[in-house]
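The structure under discussion appears below in the form of structure tokens.
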Amino acid sequence: MALRSEQSHQAILDATIALVDPEQGEGFSLQKLSIERIAKEAGVSKTTIYRWWPSKVAVVIDSFLDNHIARTPLNDELPALDALRDHLASVAEIFGGGEGRLVAQLIAECQHDPEVMKEFKERFWHNRRDVAYAVIQRGQDEGVIRQDISPAEVAELLYGPIYFRLLIPDGPLDRDWAHRHLNNALEGLRVR
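Right, dumping it as structure tokens:
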């Protein structure tokens, strides 16, 4: 990608995340957001946006991921349980703030808009899920996570409560809670 294209691409991501930032007071509404508004904020044409993204949902998800992945790594160099502990704590901390409200809104939109669901799964869920499965499999290979439970089921046990707290807030969603949650979940997942 040429420098000018890279700058435009990043300007679009930055403008989108600013427009959907729940901390800005307007609150996020996918229905109110438009490609026109993103283009105006980024200082680019709509055509430039459509060169890289098929829809506003795709831009929103990629804008979120641009920040989210860097802040919630699954570290391949750590033992699997340490990598999961750090990752889950980071996800909980981020989901406990404004970015969590953005994800909750996207999930809500998924419930009645098949196109949003498709974009959410393709751009966010499948990629993050596959990375988590690999770390869980590594934990199974290291002998610290039971092998009689599939990586998918382990992921549901670990991530399900985070999404439950995100969507139905009834207590903190932060690093401390995530550490307690992982310790409790591991009691059932550890090799005995």
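1 is the number of the first residue of the sequence shown in UniProt numbering; add one for each residue after it. All C-beta atoms, glycine included, are put in the ideal place defined by N, C-alpha and C.
Which word fits residue i, buried or exposed, when buried means at least 16 other C-beta atoms lie within 10 angstroms of its C-beta?
{"i": "Leu88", "result": "buried"}
{"i": "Gln10", "result": "exposed"}
{"i": "Glu187", "result": "exposed"}
{"i": "Ser5", "result": "exposed"}
{"i": "Phe164", "result": "exposed"}
{"i": "Pro161", "result": "buried"}
{"i": "Glu109", "result": "buried"}
{"i": "Leu167", "result": "exposed"}
{"i": "His68", "result": "buried"}
{"i": "Ser34", "result": "exposed"}
{"i": "Ser150", "result": "exposed"}
Which residues mark the beginning and the end of the alpha helix (DSSP H) in which residue i is found?
{"i": "Val60", "result": "Lys56 to Arg71"}
{"i": "Asp141", "result": "His126 to Asp141"}
{"i": "His179", "result": "Arg175 to Leu189"}
{"i": "Gly96", "result": "First-last for Gly96: undefined, no H or E at that position."}
{"i": "Val116", "result": "Pro114 to Phe120"}
{"i": "Ile162", "result": "Pro151 to Leu167"}
{"i": "Lys32", "result": "Premise fails: Lys32 is in no alpha helix (DSSP H) and is neither H nor E."}
{"i": "Arg51", "result": "Lys46 to Trp52"}
Give me the Cβ distance between residue i and residue j, rounded to the nearest whole Å; I'm assuming they're in contact under 8 angstroms.
{"i": "Ile107", "j": "Gly100", "result": "Not a contact, Cβ separation roughly 10 angstroms."}
{"i": "Glu119", "j": "Ile61", "result": "6 angstroms"}
{"i": "Ala80", "j": "Gly139", "result": "3 angstroms"}
{"i": "Val57", "j": "Leu30", "result": "7 angstroms"}
Have a look at residue i and residue j and give me their C-alpha separation to the nearest angstrom.
{"i": "Leu13", "j": "Ala155", "result": "29 angstroms"}
{"i": "Trp52", "j": "Ala70", "result": "21 angstroms"}
{"i": "Thr48", "j": "Arg192", "result": "56 angstroms"}
{"i": "Leu19", "j": "Glu142", "result": "43 angstroms"}
{"i": "Gly171", "j": "Ser45", "result": "43 angstroms"}
{"i": "Arg123", "j": "Ser55", "result": "12 angstroms"}
{"i": "Arg180", "j": "Glu36", "result": "44 angstroms"}
{"i": "Ala104", "j": "Arg190", "result": "31 angstroms"}
{"i": "Ala178", "j": "Trp125", "result": "20 angstroms"}
{"i": "Arg85", "j": "Tyr159", "result": "12 angstroms"}
{"i": "Ala152", "j": "Ala134", "result": "10 angstroms"}
{"i": "Asn183", "j": "Ile17", "result": "33 angstroms"}
{"i": "Phe144", "j": "Arg128", "result": "Inspection of the sequence shows that residue 144 is occupied by Val rather than by Phe. Spanning the two alpha carbons is a distance of roughly 22 angstroms."}
{"i": "Ser90", "j": "Arg175", "result": "7 angstroms"}
{"i": "Leu74", "j": "Asp21", "result": "25 angstroms"}
{"i": "Ala39", "j": "Leu65", "result": "19 angstroms"}
{"i": "Asp82", "j": "Ala42", "result": "39 angstroms"}
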